[in-house]
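Colleague:
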Amino acid sequence: MRCNYMEKVRVRFAPSPTGELHIGGARTALFNWLFARNRGGSLVLRVDDTDRQRSSRQYLDSIIESMRWLGLDWDEGPLVGGPFAPYVQSERLPIYRQEAEKLLQKGMAYPCFCTAEALAEQKEKFRRMGQPPRYTGNCRNLSEMERELQKAEGRSYVLRLLTPGDGETIVDDIIRGRVSFENRYIDDFIIIRSDGLPTYNFTSTVDDHKMEITHVIRAEEHLSNTPRQLLIAGRLGYDTPLYAHVPMILAPDHSKLSKRHGATAVSEYREMGILPEALVNYLALLGWSPGDDREIVDIEEMTRLFSLERVSKNPAIYDLKKLTWINGHYLRELHIDKVTAYAVPFLAKSGLISAEPGADEEKRLQTVIDLVRDRVKNLCEVADACNYFFIDHFPYDEQGIKEHFQKEGAGEVLKEIAAALEEVEPFEVENIKSALKQLSKKMGLKMAQVNLPLRLAVTGRTMGPDLFEIIALLGKEKVTERLYRACERFCS
RNA sequence: GGCCCCGUAGUCUACCGGUUAGGACACCAGGCUUUCAACCUGGAGGAAGGGGUUCGACUCCCCUCGGGGUCACCA
129 MRCNYMEKVR VRFAPSPTGE LHIGGARTAL FNWLFARNRG GSLVLRVDDT DRQRSSRQYL
189 DSIIESMRWL GLDWDEGPLV GGPFAPYVQS ERLPIYRQEA EKLLQKGMAY PCFCTAEALA
249 EQKEKFRRMG QPPRYTGNCR NLSEMERELQ KAEGRSYVLR LLTPGDGETI VDDIIRGRVS
309 FENRYIDDFI IIRSDGLPTY NFTSTVDDHK MEITHVIRAE EHLSNTPRQL LIAGRLGYDT
369 PLYAHVPMIL APDHSKLSKR HGATAVSEYR EMGILPEALV NYLALLGWSP GDDREIVDIE
429 EMTRLFSLER VSKNPAIYDL KKLTWINGHY LRELHIDKVT AYAVPFLAKS GLISAEPGAD
489 EEKRLQTVID LVRDRVKNLC EVADACNYFF IDHFPYDEQG IKEHFQKEGA GEVLKEIAAA
549 LEEVEPFEVE NIKSALKQLS KKMGLKMAQV NLPLRLAVTG RTMGPDLFEI IALLGKEKVT
609 ERLYRACERF CS
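The structure is reproduced here in structure tokens:
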């Protein structure tokens, strides 16, 4: 193991473009990013696309898009290049071939001609006998002549690593401490498939070495694979990086997070109106703790405070409730310019505004969003909560209609309110408020008896932001118009 | 099944041999208010079980139980 406390830290995030960036991957990326930034090191983005069937360019694009949205940039990798290019594994095949050749030369790897069917059959046999499935090393001791013969016959083959079969391999994990694995449980696994493409354990080991990675920070599901990688590294004479296996994120039913548990992709959260600041904050707290009682930590603060020693060992269960709470917090605490910018696509999608609002519209938009932001949980709700500022034909709350419009004298009250408001000049919050107070007094009604029907007539809802602010913003004309309209429609 | 990791309230966590076991989400009650939120105050709820070690264990060791991961020509 090399001593790397003096050298510059280099970490990597190596997603496989076989799906979108999910919550777990995003957190792994975040931890890598935080560690690199905290230590003034570099983050490498590497694309693990050796599964040619399932990998696609679209997924890569969406992963990149999600990382950008979260604010996680990388120093080397796709789009930015770097000294160890290429960063896409399917473009590094000659490198793996060369390393595999070295192993072959040293007799540390060998060709195996067993067919997939034969191996499956063998595995099934072991399973029936209640034994752990393993490769028995059929092709391990083939002579050079037999190998040549098989190849001459045109039989396809894979390359397997010659594993020691005894002794133990130690993973010195930063988060988990010393973990030892007995080598007798590790059989001769495949490093190059029959189509010539290398497997994950092999590419990962070769690239981590070639790219001079100092710390491998990844999900715990890779812990059991680490001794295999260490074995490869040992046979190739590589120094090995330090490892940190972060705990898994589990679904509420304690199983591995998957689509059936609802939203798992970062892009889905974006569409649900979650703010990137909130998702980053929530994800960071899932498995890492700043060491004190704070729950709201922005990314700069996290960067300052982050350390792998403070990452917990136990798996975390994913809980939307807390994310929702954090999102609400950022929604009302972030600068209004920022929230407005985030909200625009949502309002546009709902058909309330154009996708590129002009300066005047933008100003009004800010005022409106500022009014509704502290009573909603996400950007979709922002769009919904302020519809009446932009359209006249909004729906009315059914229950509200029954309670406030369809009872004796309701129409009269609405007309009185309209008449009173018509007199208000200038049409500003304080004036509106006192005019309505006077009216309620005159009619012998409680404030609520005036406000509730008024709110319903003007917004279609029984709840919402400060009524007087809404009225002032809407303007006299619209307000009185809506009052009369409600009267005609519901109070006949 | 073998191997590996993990085990503080429903959930995320603090503590790293001596605390009335702290905070947050969620939950319940109250307050504030023109409504609903937000916000404030209060409340209920926790060391998986059993053995050790120790003057003293949530904390260290062992066993049991529980959860997860892995054992692919997926990553």
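All you need for this note's numbering is the position in the first sequence, starting with 1, plus 128. No residue lacks a Cβ here, since even glycine has one placed at the ideal position from N, Cα and C.
Cutting at 7 Å between CB atoms, please list the residues of its own chain near S322, excluding the five before and the five after it.
Modeller: Excluding positions up to five away in sequence, the list reads S284, Y285, V286.
Colleague: Hey, which unbroken runs of the alpha helix (DSSP H) at 4 residues or more fall wholly within the stretch 532 to 584?
Modeller: The stretch 532 to 584 contains these whole alpha helix (DSSP H) runs: 538 to 551, 557 to 571.
Colleague: In the DSSP assignment, the alpha helix (DSSP H) including V500 goes from what residue to what residue?
Modeller: Note, V500: alpha helix (DSSP H), 487 to 500.
Colleague: With the cut-off set at 7 Å, would you say V334 and V439 are in Cβ contact?
Modeller: No; because the gap between Cβ atoms is not below 7 Å, this pair is not in contact.
Colleague: Tell me whether H150 is buried or exposed, calling it buried when 16 or more other Cβ atoms sit within 10 Å of its Cβ.
Modeller: Buried is the call here.
Colleague: Quick check on DSSP: helix, strand or coil for I302?
Modeller: Three-state result, I302: coil.
Colleague: Using a Cβ distance threshold of 8 Å, determine whether the stretch 493 to 509 contacts the stretch 591 to 599, with at least three qualifying pairs required.
Modeller: They touch, by the three-pair rule.
Colleague: My parser needs the beta strand (DSSP E) runs of 3 or more residues fully inside the stretch 258 to 332; what are they?
Modeller: List check, beta strand (DSSP E) in window: 286 to 289, 296 to 301, 305 to 310, 318 to 320.
Colleague: Can you tell me which of the three DSSP states F159 falls into?
Modeller: In this structure, F159 counts as helix in the three-state DSSP scheme.
Colleague: Identify, in the order they occur along the chain, each residue of the same chain with its Cβ nearer than 8 Å to the Cβ of I454, setting aside the five sequence neighbours on each side.
Modeller: Within the same chain, I454 has close Cβ partners A406, N409, Y410, E423, I424.
Colleague: For A548, collect the residues of the same chain with a Cβ closer than 6 Å to its Cβ; drop the 5 residues on either side in sequence, then sort them by chain order.
Modeller: Closer than 6 Å at Cβ, skipping near neighbours: A563, L567.
Colleague: Please go through the same chain and pick out, in chain order, the residues whose beta-carbon is closer than 6 Å to the beta-carbon of L459, but skip the five residues on each side of it.
Modeller: The answer, listed in chain order, is R501.
Colleague: By Cβ distance below 8 Å, which residues in the same chain neighbour E509 in space, the five residues on each side in sequence not counted?
Modeller: Excluding sequence neighbours, E509 sits near G401.
Colleague: E227: which of A213, R398, R288 sits nearest, CA to CA?
Modeller: Taking only the C-alpha atoms, the option nearest E227 is R288.
Colleague: Whole angstroms are fine: how far does the CA of L221 sit from the CA of Q233?
Modeller: Rounded to the nearest angstrom, the two C-alpha atoms are 18 Å apart.
Colleague: Just the Cα atoms here: how many angstroms apart are T608 and R589?
Modeller: So the alpha carbons of these two residues sit roughly 16 Å apart.
Colleague: For the stretch 415 to 469, which segments carrying the alpha helix (DSSP H) assignment without a break, of at least 4 residues, lie completely within its bounds, in sequence order?
Modeller: 427 to 433, 448 to 461, all fully within the stretch 415 to 469.
Colleague: For Y215, which three-state DSSP category applies?
Modeller: Residue state, collapsed to three classes: coil.
Colleague: With 16 other CB atoms within 10 Å as the buried threshold, where does D336 fall?
Modeller: So D336 ends up on the buried side.
Colleague: Given K561, which residues of its chain have a CB within under 7 Å of its CB, disregarding the five upstream and five downstream residues?
Modeller: For K561, where only same-chain residues beyond five positions count, the Cβ hits under 7 Å are F596.
Colleague: Since F517 is in the alpha helix (DSSP H), which residue starts that stretch and which ends it?
Modeller: Unbroken run through F517: none, as it is neither H nor E.
Colleague: Roughly how many whole angstroms lie between the Cα atoms of L358 and A347?
Modeller: If you take the alpha carbons of L358 and A347, they lie about 17 Å apart.
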